[in-house]
Amino acid sequence: MEERLIQLEMLYSNQTQMLDDLSAELFKQQLEIKRLSARVQWLEEKLAVPQNINGGHERPPHY
Numbered sequence: 000m001e002e003r004l005i006q007l008e009m010l011y012s013n014q015t016q017m018l019d020d021l022s023a024e025l026f027k028q029q030l031e032i033k034r035l036s037a038r039v040q041w042l043e044e045k046l047a048v049p050q051n052i053n054g055g056h057e058r059p060p061h062y
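If you use numbering that gives the first Met the number 0, the sequence shown corresponds to residues 0 to 62, in order.
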C-alpha cells in the first residue's frame, strides 16, 4: 500500500511539473501572438496608405 502511495505522489509531482511547463510555454506563445498581431496591424495600416503608383520611378522635375 505504501509503495502505491509513493507511486501516486510521484505521478502527481510529475503532472504538476508538466502543467507548470505547459503554462509557461502557453504564456510565451501568447506574448508571441500579441507581438505578431501588432506587427500584422502595423503592416495593414502601412498598406492602407496610398502608395506612389510608379513605385518611385518618376523622372525628377528638372528633366
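All residues carry an ideal CB built from backbone N, CA and C; glycine is no exception.
Alpha carbon to alpha carbon, how far is residue j from residue i? Give it in angstroms, no decimals.
i     : j     : result
MET9  : LEU18 : 14 Å
GLU44 : THR15 : 43 Å
LEU25 : GLU57 : 49 Å
SER12 : ALA23 : 17 Å
Within 7 Å: the Cβ of residue i and any heavy atom of the ligand PLP?
i     : result
GLN16 : Only the bare structure without any ligand can be found here, which leaves the ligand PLP out of the picture.
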